[in-house]
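Residue numbers for the sequence shown follow my numbering, beginning at 130 and rising by one. Built from N, CA and C at the ideal position, the CB exists for glycine as well. Because the structure is a prediction, the values reported are computed rather than measured. Remarks on the structure that follows.
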Amino acid sequence: MDWKIGASLLACLLCVSQVWPDTRTDPETALAMLQEQGRQFDPARVVEVTDSVFTAVGYHGATTSMIVGEDGVIIVDTLMGPTAAGNAFRALREYSDKPVKAIIYTHSHADHTGGASVFAEGDAPEIFATDLFGTVNTEIEDLQPVARKRGIRQFGRTLPPEDATNRGVAPARTFDRDRGRGFVPPTVRIPDSYRANIAGVDIEMYAGPGETDDALFVWLPDQKVLFAGDNFYQSFPNLYAIRGTVYRDVRMWAESLAHMATFEPEHLVPGHTLPISGPQAVQALLDYSAAIRSVYDQTVAGINEGKPPGVIAHEVRLPDDIGDRSYLVEFYGTVAHASRAIFAGLLGWFDGNPTSLNGLHPRAEARHVAQLAGGVEKLREKMLQALADEEFQWSMQLADHLTWLDEGHVDVARDTKIKALRALAAREYNAPNRNYYLTYARELESGALVEPWF
Ligand SMILES: [Zn+2]
């Protein structure tokens, strides 16, 4: 199968490797990289992993797989809702029409559990999940209004075709209106590990906390196929999601991957993106584990040296010997965001510097910055100059100050921020960053979003 990186992507990797940890390059290259990554899930297709394991990719964001046994099939993950699951199942049914004997949820995220009814219909299969399934709070109910908005931005759900690329490990467009409607509760809860013979297939499941605490991975000893769920996909992992998530225990995540590698799989089926076969299957797990562990260790070292999160985030790098791996390019997660999440997850918001204990209100800070600039007019000039000089981040920061001052410059500040956001987006190959910038720019343009927030 086509796990190999294309020549153009390799060229891109070589040119961006010098600018870690930024996820920016020139606009043409950024777009080409995202398009190359998008070929992993567009168009939708079924990958023949072995002669009895089939993985449907691109029918929604995640993958769904069918393992064919003697008198039935086993399904691993079920996509977001019945519509996407139905499309994938029809494609998988080309390979076997035996009854569904079991369904396995690798974890509780909606994009893996919401289409189960399609596979369960008529056959009443057992449904497996870990004993933590459903007890782990990965979404915070109180925060639904803001979580929804930030989710829309991260995934670029409302972007028009000219702005849409993809979601890093998923297509730009997915059918979500029946989200969760096909969810069927698990019937078998597995503890740390579980072995069974289902439909004549020897199958093993192991708890493997990572992206979620309730994650498991599936091992087929005879075919040497490992289903990793969302603890592995072909991109640097989303150790932190900018839509807003509770802390993901990245140290456990690295350990779960190292555990998976001990099985020495010949085929690795990710929760998103294309499967990997051959010696690269084990190598990818080892590299992924090493990458996560290294980001964790470097962050902890920085913390213990007394550095604040903003400094550490600019310093952490992937180790040289794995930094050029195609499955570690930051299309979805980023090293810098991961580092900040680890800091906050371990120590909370306080960076250790007493200056931060009682920081000025942003409006008071803006007044001082304007004074330093020589007045509000000068601040406006500096902002416009920064934009003209392509100092996009700085121009946005000055635009925020100007917006807080509300002295007749709100419109030009908004206009500057929109231009800076669009310029930054064009240079981003990290899909969530790019989608967030573009969606936020559109919200400012339409008047749906008004800054500042008083
Ligand atoms: Zn997923």
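Residues near residue i by beta carbon distance below 7 Å, same chain, minus five either side
i      : result
Leu457 : Phe365, Asp416, Ala420, Leu447, Ile451
Pro211 : Gly244, Ser246, Val247, Asp307, Arg310, Gly311
Thr192 : Thr184, Ala185, Val186, Asp206, Val398, Pro399, Gly400, His401
Glu393 : Val411
Buried or exposed by the 16-neighbour rule on C-beta atoms within 10 Å, applied to residue i
i      : result
Phe479 : exposed
Trp348 : buried
Lys230 : buried
Val411 : buried
Pro274 : exposed
Ile203 : buried
Pro438 : buried
Asn326 : exposed
Tyr558 : buried
Gly431 : buried
Glu459 : buried
Tyr376 : exposed
Lys507 : exposed
Proximity to residue i [Cα-Cα], best of the options
i      : options                        : result
Phe262 : Ala191, Lys278, Thr242, Ser524 : Thr242
Ala239 : Met162, Gly337, Phe312, Leu160 : Phe312
Phe356 : Pro399, Asn326, Val379, Glu270 : Pro399
Glu291 : Leu160, Val440, Gly474, Gly210 : Leu160
Gly584 : His396, Pro483, Gly167         : In the structure as shown, the chain starts at 130 and stops at 583, and residue 584 therefore has no counterpart that could be examined.
Ala328 : Gly167, Asn487, Pro491, Ser181 : Ser181
Gln283 : Ser246, Pro581, Val247, Asn562 : Asn562
Leu475 : Ala173, Gly215, Val379         : Val379
Arg318 : Asp271, Ala217, Lys227, His236 : His236
Gly373 : Ala301, His396, Ala470         : Ala470
Trp582 : Gly285, Phe248, Arg492         : Arg492
Gly190 : Val178, Ala173, Val205, Ile204 : Ala173
Pro350 : Asp305, Thr532, Pro314, His396 : His396
Ala465 : Tyr369, Leu272, Asn433, Ala301 : Tyr369
Thr568 : Ala554, Gly504, Val440         : Ala554
Tyr425 : Ala413, Val445, Val440, Ser406 : Val445
His443 : Ala467, Asp321, Arg454         : Ala467
Glu519 : Arg556, Glu506, Tyr224         : Arg556
Lys353 : Asp359, Thr341, Ala390         : Ala390
Ala185 : Tyr565, Thr402, Asp342         : Thr402
Ile196 : Asn216, Ala213, Val175, Phe392 : Val175
Ala473 : Leu501, Phe460, Gln526, Ile441 : Ile441
Tyr362 : Glu199, Pro404, Pro408         : Pro404
Asp260 : Asp155, Ala336, Thr463, Leu534 : Ala336
Cutoff 6 Å; reference residue i; Cβ partners in own chain excluding five residues on either side
i      : result
His530 : Ala495, Val498
Ala570 : Ile547, Leu550, Arg551
Leu573 : Arg543, Ile547
Met334 : Ile319, Tyr323, Leu345, Val347
Met381 : Pro338
Thr303 : His189, Gly190
Paired residues, beta bridge with residue i - DSSP
i      : result
Asp331 : Asn326
Ser406 : His396
Leu349 : Val354
Ser194 : Thr184, Val205
Val229 : Val202
Arg318 : Ala258
Asn562 : Beta-bridge pairing links Asn562 to no other residue.
Pro300 : Asn295
Arg153 : Glu557
Ala336 : Leu345
Residue i in three-state terms, based on DSSP
i      : result
Ala470 : helix
Ala344 : coil
Gly358 : strand
Phe170 : coil
Ala554 : helix
Arg306 : coil
Glu520 : coil
Glu177 : strand
Phe183 : strand
Val579 : coil
Thr484 : helix
Phe365 : coil
Ala213 : helix
Ala106 : Since the displayed the chain opens at 130 and closes at 583, residue 106 lies outside it and no answer follows.
Ala370 : coil
Val148 : Summary for Val148: the model assigns pLDDT 41, below 50, so the residue's position carries little reliability, and this model does not support an answer.
Phe479 : coil
Thr287 : coil
Leu501 : helix
His238 : coil
His490 : coil
Glu270 : helix
Ile432 : helix
Residues of its chain near residue i, where Cβ-Cβ distance is below 8 Å and the 5 sequence neighbours each way are ignored
i      : result
Glu384 : Ser418
Ile256 : Ala231, Ile232, Ile233, Tyr234, Ala245, Ala249, Val313, Pro314, Pro315, Thr316, Val317
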